[in-house]
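Since the structure comes first, as structure tokens, the remarks are kept for the end.
Residue numbers (this note's numbering): 79 to 592.
In structure tokens:
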């Protein structure tokens, strides 16, 4: 839906525009002609509600229909339960050699949100992530209004954010704190423009709490924002302090704090062989092999099947979906450069792809920049605004329908009946899981883990350890096992004198330790 692209001009009453050196519209307090004032009855909140319903149709059926998994919603919900009970959680749910959860990802949101688990149970993080998208969209609208865009163009910013393929991917794939953090970026920019240093600092602090590497993005972003003409001179020192602090925070957390928590002396998620063996080597790699690093932004550096095609698909979809605006406004494009580097230099091809949450951070940058660029389009060429948004929608539909990287399309195709159904009686499965003792230790297949997470002891099958019950869903994906290994383990359990099958049906098998 495109607001005001081919209809009457929307204008902020009492305000006219001038362009600053960044191409962003700034306001001057003068009386505008009556004909330029806002017309129409559609409101931003109505649009936000409509887009919110759209994303609810993505996220909520997935959790209700057992399409959320141990990694990551189950693990994070299990962490919520522990933090809510004053217990520091570890990674025993999925690792043979567990370490504190903060050594896996330094995510303080789970501690912050943990009291909500008493109210919304296993739905907590699904709801938090969904609400964060709405908060982010409203923040985009407020930023665009603050710099003087008319109401309709600012509403287009909300549309761009919530119809961006990376945001749909994030909605469809469990919960990730990086999504919540990214959706706060518009508010950080808003308070910066408003010359509200304490509010900007609080939002910045909240964002870096979300994940250990957020400072590597927000630090350079803050330094670049400090040079923008939209930012008051009195805020620039604050931004430089915040930017420097963000980089130092992430560097210290990744290089020393998390390895110390893990007890292994290394950061578990430094999957960047191109940069060297550890985080500290990354800085020297930037000047030792710049051509290799530049090439790896676009070409497969891990020699995987369809690797270069996966990267090309991301670039094509990202540019067509509004990334072109980051090229037109190079300062905003440079803000995205740390995201591109972290994404494309990673050793995991899934990170290069368009699927899941791995592109969500680009969304707020594009949602702010694209309307700023399109605001310069003459009124006689308003069809170009409609075309830009329609291309964005087309890219998102293409993302739902076909991608080079594999994804379970039933999680994202909200326009098909398959998204709202299961090929078996999922209500019976959920009822059987709900009937298990609340304090029992359980080993469960991945799709069952998020629904069993509100307990002290839980493992992702095939980890069993001291579990009293094993919950298996034979019709679901056997991950992390292959199908043949899964079937072998199932036969072993049926033949074991240690375990009794108290429920044995096509869709669910429950074992109880004798």
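Cβ coordinates follow ideal geometry from the N, Cα and C atoms, glycine included.
Bounds of the alpha helix (DSSP H) holding residue 475 are 461-479.
Annotation: the continuous beta strand (DSSP E) that includes residue 537 extends over 536-538. Assignment of residue 410 by DSSP, reduced to helix, strand and coil, places it in the helix class.
Judged by pairs of C-beta atoms under 8 Å, the region 515-528 touches the region 543-556, as three or more such pairs exist.
In the displayed model, residue 195 falls within a helix according to three-state DSSP. DSSP lists 591 as the beta-bridge partner residues of residue 577.
Using a C-beta cut-off of 8 Å, the region 294-303 makes no contact with the region 245-255, since fewer than three inter-stretch Cβ pairs fall below that distance. The continuous alpha helix (DSSP H) containing residue 219 extends over residues 202-224. Residue burial is scored here from C-beta neighbours: residue 562 has fewer than 16 other C-beta atoms within 10 angstroms and is therefore classed as exposed.
Contact between residue 399 and residue 243 holds: their C-beta atoms lie close to 6 Å from each other, under 8 Å.
Take residue 288, set aside five residues on each side of it, and the residues of its chain with a beta-carbon closer than 8 Å to its own are 185, 186, 187, 255, 256, 258, 259, in chain order.
DSSP places residue 550 within a strand segment (E or B) once states are collapsed to three. In chain order, 510, 587, 588 place their CB closer than 8 Å to the CB of residue 581, counting only its own chain and leaving out the 5 sequence neighbours on each side. Short of 7 Å from the beta carbon of residue 572, and not among the five residues preceding or following it, lie these beta carbons of its own chain, in chain order: 579. Residue state for residue 434 is assigned as coil, using DSSP reduced to three classes.
Beta-bridge analysis with DSSP links residue 544 to no other residue.
In the structure shown, the three-state DSSP call for residue 182 is helix.
Between residue 143 and residue 507, the C-beta gap is not smaller than 8 Å, which leaves the two residues out of contact. With a cutoff of 8 Å on beta-carbon distance, residue 417 and residue 444 are scored as not near each other.
By the 16-neighbour rule on beta-carbons within 10 angstroms, residue 338 is exposed. Note: residue 168 is bridge-paired with 178 in the DSSP secondary-structure output. Our two residues, residue 387 and residue 162, have alpha carbons roughly 44 Å apart in a direct line. Excluding the 5 residues flanking it on each side, residue 153 has same chain C-beta neighbours closer than 6 Å at 171, in chain order.
Taken atom to atom, the span from the alpha-carbon of residue 309 to that of residue 272 is near 8 Å. With at least 16 other beta carbons inside 10 angstroms of its own, residue 438 counts as buried. Cα atoms of residue 487 and residue 431: separation of roughly 15 Å, rounded to the nearest angstrom.
A direct Cα-to-Cα measurement between residue 496 and residue 480 gives close to 16 Å. Taking a C-beta distance under 8 Å as the contact criterion, residue 201 and residue 141 qualify as a contact pair.
Nearest neighbour of residue 131 by Cα position, chosen from 370, 205, 448, 318, turns out to be 205.
For the set 474, 348, 467, 407, the Cα lying nearest the Cα of residue 429 is the one of 348. Judged by beta-carbon spacing, residue 576 lies beyond the 8 Å limit of residue 553, meaning their Cβ atoms are not closer than that value. Assigned with DSSP and collapsed to three states, residue 373 falls in helix. Following the DSSP letters along the chain, one finds residue 522 inside the beta strand (DSSP E) bounded by residues 520-522. Looking from the CA of residue 501, the closest CA among 128, 396, 551 belongs to 551.
With fewer than 16 other Cβ atoms from the protein chains shown falling within 10 Å of its own Cβ, residue 276 counts as exposed. Within its own chain, the residues whose Cβ lies closer than 6 Å to the Cβ of residue 482, once the five positions on either side in sequence are excluded, are 384, 387, 388, 391, listed in chain order.
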